[in-house]
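Novice: Read top to bottom, the protein sequences are chains G and B.
Going by full-length UniProt numbering, the residue at position 157 of the first sequence is 157; the numbering climbs one at a time, nothing skipped.
Going by full-length UniProt numbering, the residue at position 278 of the second sequence is 278; the numbering climbs one at a time, nothing skipped.
C-beta atoms are modelled at their ideal positions from N, C-alpha and C, and glycine is treated no differently.
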Amino acid sequence: MNGWHLSKRLLTMGVVLFAVSLLTYGLIFVTPGDPARTILTQQMGGQSPSQAAVEQFRVANGLDDPFPMQYARWMGDVLRGDLGQSYYSDQAVSAMIAQRLPNTIALAVASMLVAIVIAIPAGIASAVEPGSRTDYAAQLGALVGISMPNFWLGYLLIIVCSLWLDLFPVAGAEGPEYLVLPALTLGSGMAAVIARLVRTAMLDVLDDAYIRTARSKGLRERIVVYKHALRNALVPVVTIVGLQLSYVLNGAVVVEVVFQRPGLGTLLVDAIFARDYPVVQGVTLLIGVVFVVTNFVVDLTYSRLDPRIELGGEPT
Amino acid sequence: MSKPLLRVEDLHTRFDTDRGTVHAVDGTSFTVDRGEIVGVLGESGSGKSVTARSICRLEDPGRIAGGTIEFEGIELTTAEESTLRRLRGNEISMVFQDPTETLNPVFPVGEQIAEAVRIHETNDRQRLLDFLGVPPFRDRSAWADARERAVELLGQMDIPSPKSRSTAFPHEFSGGLRQRAVLAVALASEPSLLIADEPTTALDTTTQADILRRLRSLRDERDVGILLITHDIGVIAQTCDRVIVLYGGQVMEAGPVERVLTDPAHPYTRSLLACSVRNTDSGERIHSAQGRPPDPVDGHEGCPFADRCRHTTAACREGPIPTTERSSEHRLSCLEAPLPATRESSPQRVSPTPDGGTTE
Chain G
1 MNGWHLSKRL LTMGVVLFAV SLLTYGLIFV TPGDPARTIL TQQMGGQSPS QAAVEQFRVA
61 NGLDDPFPMQ YARWMGDVLR GDLGQSYYSD QAVSAMIAQR LPNTIALAVA SMLVAIVIAI
121 PAGIASAVEP GSRTDYAAQL GALVGISMPN FWLGYLLIIV CSLWLDLFPV AGAEGPEYLV
181 LPALTLGSGM AAVIARLVRT AMLDVLDDAY IRTARSKGLR ERIVVYKHAL RNALVPVVTI
241 VGLQLSYVLN GAVVVEVVFQ RPGLGTLLVD AIFARDYPVV QGVTLLIGVV FVVTNFVVDL
301 TYSRLDPRIE LGGEPT
Chain B
1 MSKPLLRVED LHTRFDTDRG TVHAVDGTSF TVDRGEIVGV LGESGSGKSV TARSICRLED
61 PGRIAGGTIE FEGIELTTAE ESTLRRLRGN EISMVFQDPT ETLNPVFPVG EQIAEAVRIH
121 ETNDRQRLLD FLGVPPFRDR SAWADARERA VELLGQMDIP SPKSRSTAFP HEFSGGLRQR
181 AVLAVALASE PSLLIADEPT TALDTTTQAD ILRRLRSLRD ERDVGILLIT HDIGVIAQTC
241 DRVIVLYGGQ VMEAGPVERV LTDPAHPYTR SLLACSVRNT DSGERIHSAQ GRPPDPVDGH
301 EGCPFADRCR HTTAACREGP IPTTERSSEH RLSCLEAPLP ATRESSPQRV SPTPDGGTTE
């Protein structure tokens with residue numbers, strides 16, 4: 001039963017990944033600009049290449065082949081770990097990604113931690129005493145967190161914490177102290193979303209009969225809340241945290257630019273401005289894969305979190 | 001007579017709602033001794049469950065507005081939260097209705113029993129990380145012992161292959177097994193008072209008989225005092241030593257089971273008994289009580305049963321109804337008693353309507 005569900009899930013995942021790669025590769029064909037001309041212009045130091053040279057380049061590099069053939073060739077390379085060559089630098093796309101990836105992973109993990117550390121206690125505090133001052137404060141905080149755009153919060157933090165208070169460096173990625181402000185910027189927005197969800201899920205759970213049972217056993221209220229209630233409230237929370245990972249990657253684009261951190265975000269933005277399609281494709285594909293895999297992992301955790309959910313089932 | 005294990009005196013528990021204040025428990029008094037089973041009998045909405053929860057001080061969102069609850073000399077209405085926790089973990093256990101809802105769905109059954117064992121052991125020095133099972137902070141050997149004790153308790157509840165069952169989740173248990181597991185949770189702390197709120201209502205007859213047998217053996221072998229809340233006269237007759245008939249949050253009649261059930265003095269008790277299938281001759285139509293339970297918003301003047309009673313006089317609706325002693329231990333709150341000794345005579349012809357009410 002479970003094995004069957006797992007293979008079904010894996011198959012779906014394969015189909016989604018195929019679609020993602022198809023869309024990513026199709027990007028080149030729908031965006032303006034001719035790759036052959038772009039590359040040649042670059043190689044010739046900015047001079048416009050002749051039409052004949054462009055045609056010749058196209059044939060030599062297989063750019064005149066039909067789309068399926070080009071896609072199959074590209075996909076074959078991708079599966080071997082070769083994402084192609086940047087138009088503008090001598091580096092392979094995979095090498096460029098590998099160079100930037102650790103910074104983005106560090107940012108993602110740190111901001112996720114910031115979000116969880118703020119959101120779970122805040123959400124619980126407001127659920128335990130709905131209508132209290134703590135609740136209103138937490139809700140107001142969440143509203144501000146959701147409404148505040150990343151880049152603005154980023155600049156505010158730079159002004160206050162770096163320029164006025166001189167606590168943290170303004171920009172770069174040379175050490176852990178460079179991570180604090182970007183992680184706060186990115187994490188606080190997520191914290192707001194997660195905190196509201198934790199509040200709703202906890203309010204729902206705290207009325208359940210087994211919570212009364214736990215109290216009637218003589219359990220301390222803190223343990224009732226953090227063990228019995230939180231564990232039951234986690235399914236929707238984990239779903240959102242999983243989905244937020246895509247938000248981290250999107251948000252990283254903005255935050256990395258604001259804080260001038262070399263990462264996937266800055267790589268992507270630079271590549272888009274330069275029309276460096278192989279790089280755009282590589283990064284987009286990676287983000288797509290991360291998203292699909294995260295969702296798969298989230299699905300797997302459901303049945304671990306709530307034993308009533310069969311693997312591959314929907315949370316009730 | 002020595003002091004009772006539990007003494008409830010003039011208890012008032014109220015709920016503030018948008019419609020007004022609901023007087024769910026409205027001046028209830030009774031006692032429970034060690035080694036006796038006291039039944040609380042009443043319809044839905046008569047304040048039985050709220051009475052039970054008030055004793056454990058789990059009346060929230062209600063509040064205790066007056067009266068005393070004394071357990072072994074400790075006043076519970078004003079007790080500190082830590083005192084209450086200590087009592088819940090060691091002295092007073094509660095079994096709730098509907099075992100499908102009362103066990104936590106995400107923890108194995110054995111784990112939930114072991115938790116009660118650990119609460120009992122730690123004696124209010126519970127550490128969050130120990131109970132969450134965070135590795136370096138978890139007292140592994142203590143939990144292993146507690147789990148062993150849980151398996152033992154499951155075995156005592158006649159749950160087949162308790163060892164493997166203890167790692168199963170509540171949804172993998174049948175209703176009867178679940179209620180036995182709930183009972184095991186309650187008994188893990190070796191309580192001296194057990195409050196059972198409709199423990200058999202959701203169960204089939206065989207399982208019901210088994211659970212009731214267990215309650216009786218708890219009384220006989222461990223000298224536990226039990227407060228058994230039910231709407232089922234049969235359960236009272238089979239299990240209890242004394243019975244308290246509750247209506248509108250007030251005690252209508254209280255006394256030894258055989259006396260109250262064979263010779264009921266209060267019109268309400270009589271009408272309840274008249275509704276019982278056991279008291280109906282074959283071929284005769286089963287009676288139902290007339291009318292509906294009173295609206296508990298803003299409390300009552302006079303007797304809460306006045307609107308449904310056939311013996312009501314003007315005096316019944318006015319002042320508070322004094323409690324009279326019919327014989328020693330047989331108490332009664334009725335102005336018109338003693339009534340003629342017949343069983344609820346001249347049965348009205350009533351037929352049930354689809355919505356559960358009755359028409360004449």
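So if DSSP puts F71/B in a beta bridge, which residue, or which two residues, is it bridged to?
Specialist: Locating residue 71/B in the second sequence gives position 71, counting from the first residue. Paired residue(s): L6/B, I74/B.
Novice: Interface residues of chain B around T134/G at Cβ under 9 angstroms?
Specialist: The residue given as residue 134/G occupies position 134 in the first sequence. The premise fails here: T134/G is roughly 18 angstroms from chain B at the closest Cβ pair, so nothing lies under 9 angstroms.
Novice: Which residues does DSSP list as the beta-bridge partners of S141/B?
Specialist: Position 141 of the second sequence, counting from 1, holds the residue named residue 141/B. S141/B is not bridged to any residue.
Novice: Report yes or no: is there a C-beta of chain G within less than 7 angstroms of the C-beta of G62/B?
Specialist: Looking up residue 62/B in the second sequence gives position 62. Closer than 7 angstroms: no.
Novice: Can you name the residues of chain B whose CB is closer than 8 angstroms to the CB of D306/G?
Specialist: Reading the first sequence from its first residue, position 306 is the one you call residue 306/G. Ordered by position in chain B, the residues that pass the 8 angstroms Cβ test against D306/G are P105, V106.
Novice: Going by the CB atoms, is the gap between P4/B and D33/B shorter than 7 angstroms?
Specialist: To locate residue 33/B, count along the second sequence from 1; it is residue 33. To locate residue 4/B, count along the second sequence from 1; it is residue 4. Contact flag set, yes.
Novice: Does the Cβ of I159/G have 16 or more other Cβ atoms within 10 Å, making it buried, or fewer, making it exposed?
Specialist: The residue labelled residue 159/G in the question sits at position 159 within the first sequence. Answer is exposed; the Cβ neighbour count stays below 16.
Novice: Could you tell me whether any Cβ in chain B is nearer than 7 angstroms to the Cβ of T316/G?
Specialist: What you label residue 316/G is simply residue 316 of the first sequence in a count that begins at 1. Here the model assigns T316/G a pLDDT of 41, short of 50, so the residue's position is not dependable and the matter cannot be decided.
Novice: Residue ranges of each beta strand (DSSP E) run of no fewer than 3 residues wholly in the region 176-250 of chain B, ordered along the chain?
Specialist: 193-197, 225-230, 242-247
Novice: Evaluate the contact criterion for the region 221-239 of chain G versus the region 142-162 of chain B: three or more CB pairs, one atom per stretch, below 8 angstroms.
Specialist: With the rule of 3 Cβ pairs closer than 8 angstroms, the region 221-239 of chain G does not count as touching the region 142-162 of chain B.
Novice: Between F169/B and chain G, is there a C-beta pair that is closer than 7 angstroms?
Specialist: For the purposes of this step, residue 169/B is identified with residue 169 of the second sequence, where counting begins at 1. It does; some Cβ of chain G falls within 7 angstroms.
Novice: Name the residue from N150/G, M202/G, Q91/G whose alpha carbon lies nearest to the alpha carbon of A183/G.
Specialist: For the purposes of this step, residue 183/G is taken as residue 183 along the first sequence, with counting starting at 1. It is N150/G whose Cα lies nearest to the Cα of A183/G.
Novice: To the nearest angstrom, report how far apart S132/G and E59/B are at their CA atoms.
Specialist: Along the first sequence, read from residue 1 onward, the residue named residue 132/G stands at position 132. Along the second sequence, read from residue 1 onward, the residue named residue 59/B stands at position 59. One C-alpha to the other measures close to 20 angstroms.
Novice: I need the DSSP call for I92/B, collapsed to helix, strand or coil.
Specialist: Position 92 of the second sequence, counted from the start, is the residue given in the question as residue 92/B. Three-state result, I92/B: strand.
Novice: Compare the C-alpha of V251/B against each of E81/B, K48/B, F15/B, T313/B and name the closest.
Specialist: As a first step, residue 251/B is located in the second sequence; it is residue number 251 there, counting from the start. Selected option, being the one with the closest Cα: K48/B.
Novice: For F131/B, decide whether its Cβ has a neighbour in chain G, counting only Cβ atoms nearer than 7 angstroms.
Specialist: Here residue 131/B corresponds to residue number 131 of the second sequence, with the count starting at 1. Yes, contact with chain G.
Novice: Looking at chain G, is there any beta carbon in it that lies within less than 7 angstroms of the beta carbon of Q126/B?
Specialist: Position 126 of the second sequence, counted from the start, is the residue given in the question as residue 126/B. Judged by the 7 angstroms Cβ criterion, Q126/B is in contact with chain G.
Novice: Quick one: is A116/B near chain G, going by C-beta distance under 7 angstroms?
Specialist: Taking the first residue of the second sequence as position 1, residue 116/B is located at position 116. Judged by the 7 angstroms Cβ criterion, A116/B is in contact with chain G.
Novice: Where are the beta strand (DSSP E) runs, 3 residues long or more, that stay fully inside the region 153-236 of chain G, in chain order?
Specialist: none
Novice: For the region 207-219 of chain G, enumerate the residues whose C-beta is nearer than 9 angstroms to any C-beta of chain B, in chain order.
Specialist: D208, A209, Y210, I211, R212, T213, A214, R215, S216, K217, G218, L219
Novice: Against chain B, with Cβ distances strictly below 7 angstroms, would I309/G count as a contact?
Specialist: The residue you call residue 309/G lines up with position 309 of the first sequence. Not flagged as an interface residue toward chain B: I309/G, since no C-beta distance is shorter than 7 angstroms.
Novice: At a threshold of 6 angstroms, does G33/G count as lining the ligand GTP (C-beta to nearest heavy atom)?
Specialist: Ligands are entirely absent from the displayed structure, and the ligand GTP is therefore not among its contents.
Novice: When you check each C-beta in the region 219-235 of chain G against every C-beta of chain B, which residues fall closer than 7 angstroms?
Specialist: L219, R220, R222, I223, Y226, K227, H228, R231, N232
Novice: Just tell me which of P130/G, V298/G, V279/G has its CA closest to the CA of P35/G.
Specialist: Here residue 35/G is taken as the residue at index 35 of the first sequence, counted from 1. Of P130/G, V298/G, V279/G, the residue nearest in Cα terms is V279/G.
Novice: For the beta strand (DSSP E) that D135/G lies in, which residues bound it at each end?
Specialist: For this step, residue 135/G is matched to residue 135 along the first sequence. Not the beta strand (DSSP E): D135/G falls in the alpha helix (DSSP H), residues 133-147.
Novice: Would you mind stating whether L128/B and I105/G have Cβ atoms separated by less than 7 angstroms?
Specialist: Within the second sequence, the letter at position 128 stands for residue 128/B. Within the first sequence, the letter at position 105 stands for residue 105/G. Result no, Cβ atoms of L128/B and I105/G do not sit closer than 7 angstroms.
Novice: I need the straight-line Cα distance from L300/G to R242/B, nearest angstrom please.
Specialist: In the first sequence, counting from the first residue as 1, residue 300/G sits at position 300. In the second sequence, counting from the first residue as 1, residue 242/B sits at position 242. So the alpha carbons of these two residues sit roughly 54 angstroms apart.
Novice: Which one or two residues does DSSP pair with A92/G in a beta bridge?
Specialist: Here residue 92/G is taken as the residue at index 92 of the first sequence, counted from 1. Answer by DSSP bridge pairing, in chain order: Q85/G.
Novice: Tell me whether the region 227-236 of chain B and the region 303-323 of chain B touch, counting them as touching only if at least three CB pairs, one residue from each stretch, are closer than 8 angstroms.
Specialist: no
Novice: For L103/B, collect the residues of the same chain with a Cβ closer than 7 angstroms to its Cβ; drop the 5 residues on either side in sequence, then sort them by chain order.
Specialist: The sequence position of residue 103/B within the second sequence is 103, counting from 1. Excluding positions up to five away in sequence, the list reads V109, Q112, P170, R178, A181, V182.
Novice: Check whether the Cβ atoms of V20/G and G288/G lie closer than 7 angstroms to each other.
Specialist: Counting from 1 along the first sequence, the entry for residue 20/G is found at position 20. Counting from 1 along the first sequence, the entry for residue 288/G is found at position 288. A contact, by the Cβ cut-off of 7 angstroms.
Novice: Within the chosen definition, does the region 143-157 of chain G reach the region 80-89 of chain G through at least 3 CB pairs nearer than 8 angstroms?
Specialist: no
Novice: If you count every other CB in all the chains shown that lies within 10 Å of the CB of G3/G, and 16 or more means buried, which is it?
Specialist: Here residue 3/G corresponds to residue number 3 of the first sequence, with the count starting at 1. Exposed is the call here.
Novice: Please list, in chain order, all residues of the same chain as residue 317/G whose beta carbon is under 7 angstroms from its beta carbon, the five residues on each side excluded.
Specialist: Outside the displayed range of chain G (1 to 316) lies residue 317/G, so it cannot be described from this structure.
Novice: How long is the line joining the alpha carbons of G175/B and T294/G, rounded to whole angstroms?
Specialist: Locating residue 175/B in the second sequence gives position 175, where the first residue counts as 1. Locating residue 294/G in the first sequence gives position 294, where the first residue counts as 1. Taking the straight line from one Cα to the other gives about 38 angstroms.
Novice: Note down, in chain order, every chain G residue with its Cβ under 7 angstroms from the Cβ of G89/B.
Specialist: By 1-based counting over the second sequence, the position of residue 89/B is 89. Chain G residues near G89/B: K217, G218.
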